[in-house]
Amino acid sequence: MSAISLVEFSPAENKAERKRFIELQWAMNKDDPAWVAPLRLTVEDNLDTKKNPFYKHARIVCWNAYRGSQHVGRIAAVVDERHNQHHNEKMGFWGFFECTNDNEVARALFHKAEGWVKGQGMTAIRGPVNPSLNHEAGLVINSFERQPYVMMTHNPPYYVDLVEKLGHKKEKDLYAFDMTPADFDPRVKRIAERVKARGKLEVRPINMKKFHEEVALFQGIYNAAWEENWGFVPMDDAEFKHLAKQLKDIIWPEFCQVGFVNGKAIGFALSLPDINQVLKDIPSGRLLPFGIFKLLRGLKPKAKKIRRVRVITLGVIPEWRASGLASVFYYEAFRAADSMGLHEPSEMSWILEDNKDMISAIEAFAGKPAYKTFRIYQKAL
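The opening residue of the sequence shown carries number 164 in the numbering used here; numbering runs sequentially from there.
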């Protein structure tokens with residue numbers, strides 16, 4: 164068997180290796196019936212250290228692994244200074260991992276990633292994140308046969324063994340729940356209606372004609388509502404606007420709700436149509452020459468290509484968490500799904516394993532436990 168060689172590179176400086184790095188995701192996963200090819204533009208953006216504002220406070224190094232001429236693996240290492248300042252940690256991160264079922268290749272890749280972050284003064288490494296918790300995160304550890312929803316990860320089962328054999332231990336589990344509008348517990352409807360009847364709360368959909376003003380509103384809520392969450396790092400104006408720009412074209416207003424009390428915004432919820440049901444028909448991940456037309460057609464609700472949503476984020480500022488607003492948000496999302504004929508199971512993800520109140524509430528109105536778990540690992544260096 165040929166020896167393993169690794170090529171270290173910066174994605175901004177070595178376009179040839181960056182291209183190979185991206186292509187490997189297709190080579191490794193194309194035969195997996197559950198895998199959905201991402202848009203290449205999205206993958207490029209997540210590695211673009213010049214244009215993606217995340218890299219104003221973070222740095223990334225990548226490696227490609229080869230056996231002879233065969234490309235057999237990849238990994239990236241990240242140091243996010245804002246994370247470490249916010250949490251008073253010396254934490255490095257790993258992500259964008261792809262590998263053949265070969266312990267030697269995995270060991271070589273992680274040796275490089277761990278060595279690099281240690282050389283940057285870090286005392287531990289955590290992952291996978293692509294490239295942060297505000298992006299795709301977590302290694303799938305069950306329900307591998309289920310197609311991922313929009314902006315969620317997917318991997319072969321053997322990745323779990325590769326990572327754990329190298330001394331990486333569970334740090335946190337992130338849960339995904341699924342349910343159809345028909346599964347929705349009628350008690351939640353009654354709770355939501357009682358909350359709205361009190362007259363204090365106003366809930367409305369996003370105003371797409373005032374998108375930039377709405378984004379600023381959501382940013383303030385987001386940074387306040389998630390402040391105490393494990394792993395949370397506040398997003399600055401540039402990052403939040405960048406993310407909003409990416410999501411704008413796939414937002415259906417019925418699924419983006421904001422709540423007010425006496426004119427003050429106190430919470431918002433965003434559910435995204437599962438565009439993976441459209442992307443499944445664009446296996447190359449390229450918008451040109453024909454992918455753009457498939458995407459634009461599929462995004463129209465009348466096309467019926469999308470039959471489910473993902474509740475991607477739901478937050479209420481701390482002083483109003485007992486208001487019942489979360490129940491109203493869930494009710495409005497599933498009411499909209501039902502009225503639009505989205506009768507396939509929609510997903511609520513991800514939910515931190517120690518968010519007991521949210522888990523209990525979801526299990527109560529969904530009538531079942533989480534169906535999929537995404538694991539974040541950590542290793543001391």
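We treat Cβ as the ideally placed atom computed from N, Cα and C, and that holds for glycine.
Since this is a predicted model, take the numbers as computed values, not measurements.
**Request:** Could you spell out where the beta strand (DSSP E) holding residue 250 opens and where it closes?
**Result:** Note, residue 250: premise wrong, no beta strand (DSSP E); alpha helix (DSSP H) at 244-250.
**Message:** Rounding to the nearest angstrom, what Cα-Cα distance links residue 183 and residue 173 in this structure?
**Reply:** The C-alpha of residue 173 is placed about 13 angstroms away from the C-alpha of residue 183.
**Proximity winner among 220, 186, 406 and 329, relative to residue 541 (alpha-carbon distances)** = Among 220, 186, 406 and 329, the Cα nearest to that of residue 541 belongs to 329.
**Prompt:** What runs of the alpha helix (DSSP H), each 4 residues or longer, lie entirely inside the stretch 409-492?
**Reply:** When DSSP assignments are scanned along the stretch 409-492, the uninterrupted stretches of alpha helix (DSSP H) that are 4 or more residues long and fall wholly within it turn out to be 439-442 and 454-462.
**Prompt:** From the DSSP output, which residues share a beta bridge with residue 388?
**Reply:** Partner(s): none; residue 388 has no beta bridge.
**Request:** Would you check if there are 3 or more beta carbon pairs closer than 8 angstroms linking the stretch 192-211 to the stretch 263-281?
**Result:** In short, these stretches do not touch, since the Cβ pair count stays below three.
**Prompt:** Nearest-angstrom Cα distance between residue 276 and residue 238?
**Reply:** Rounded to whole angstroms, residue 276 and residue 238 show a C-alpha spacing of 7 angstroms.
**Range covered by the beta strand (DSSP E) that runs through residue 367** = Per DSSP, residue 367 belongs to the beta strand (DSSP E) from 364-368.
**Request:** Round the Cβ separation of residue 479 and residue 500 to the nearest angstrom and send it over; I've been treating them as touching at under 8 angstroms.
**Result:** Not confirmed; about 21 angstroms, so no contact.
**Asked** Alpha carbon to alpha carbon, how far is residue 537 from residue 333?
**Response** Spanning the two alpha carbons is a distance of roughly 10 angstroms.
**Asked** Would you call the stretch 354-362 and the stretch 485-496 in contact, with 3 or more CB pairs under 8 angstroms?
**Response** The stretch 354-362, when compared against the stretch 485-496, does touch it at the 8 angstroms Cβ threshold.
**Message:** What would DSSP say about residue 191, mapped onto helix, strand or coil?
**Reply:** The answer is helix: DSSP assigns residue 191 an H, G or I state.
**Message:** Please identify the residue among 319, 481 and 525 whose C-alpha is closest to the C-alpha of residue 390.
**Reply:** For the residues 319, 481 and 525, the minimum Cα distance to residue 390 belongs to 481.
**Message:** Checking the sheet assignment: what are the DSSP bridge partners for residue 536?
**Reply:** Answer is 338.
**Asked** Roughly how far, in whole angstroms, is the beta-carbon of residue 424 from the beta-carbon of residue 363, given that I think they are within contact range, below 8 angstroms?
**Response** Going by Cβ atoms, the distance from residue 424 to residue 363 rounds to 6 angstroms, so yes, they are a contact pair.
**Prompt:** Can you name, in chain order, every residue of its own chain whose Cβ lies under 6 angstroms from the Cβ of residue 445, other than the five neighbours on each side?
**Reply:** Excluding residues within five positions, the ones whose Cβ falls inside 6 angstroms are 454 and 457.
**Message:** Per the DSSP calculation, residue 511 is bridged to which residue(s)?
**Reply:** Under DSSP, the beta-bridge partners assigned to residue 511 are 340 and 474.
**Request:** Please say whether residue 366 and residue 493 have beta carbons closer to each other than 8 angstroms?
**Result:** No, Cβ-Cβ distance for residue 493 and residue 366 is not below 8 angstroms.
**Request:** Verify whether the separation of the beta carbon atoms of residue 186 and residue 220 is less than 8 angstroms.
**Result:** In this structure, residue 220 does not lie closer than 8 angstroms to residue 186 by Cβ.
**Message:** Is the beta carbon of residue 369 closer than 8 angstroms to that of residue 414?
**Reply:** Cβ distance < 8 angstroms, so residue 414 and residue 369 count as in contact.
**Request:** Provide the residue(s) that pair with residue 168 in DSSP beta bridges, ordered along the chain.
**Result:** The secondary-structure analysis by DSSP pairs residue 168 across a beta bridge with 229.
**Request:** Below 6 angstroms CB to CB, which residues in the same chain sit around residue 191 once its five sequence neighbours on both sides are set aside?
**Result:** Excluding residues within five positions, the ones whose Cβ falls inside 6 angstroms are 261.
**Request:** Mark residue 233 as exposed unless 16 or more other C-beta atoms lie within 10 angstroms of its C-beta, in which case mark it buried.
**Result:** Residue environment for residue 233: exposed (fewer than 16 other C-beta atoms within 10 angstroms of its C-beta).
**Message:** Residues in the same chain with beta-carbon distance under 6 angstroms from residue 336, minus the five sequence neighbours each way, listed in chain order, please.
**Reply:** Closer than 6 angstroms at the Cβ level, and outside the excluded window around residue 336, lie 516, 536 and 538.
**Message:** Can you tell me whether residue 430 is buried or exposed? The criterion is at least 16 other CB atoms within 10 Å of its CB, across all chains shown.
**Reply:** Classification for residue 430: buried.
**Within the stretch 260-310, ranges of the alpha helix (DSSP H) (whole runs, at least 4 residues)** = Within the stretch 260-310, complete alpha helix (DSSP H) segments of at least 4 residues are found at 266-282, given in chain order.
**Message:** What would DSSP say about residue 317, mapped onto helix, strand or coil?
**Reply:** Three-state DSSP puts residue 317 in coil, outside helix and strand.
**Message:** Mapping the DSSP letters down to three states, classify residue 383 as helix, strand or coil.
**Reply:** Helix.
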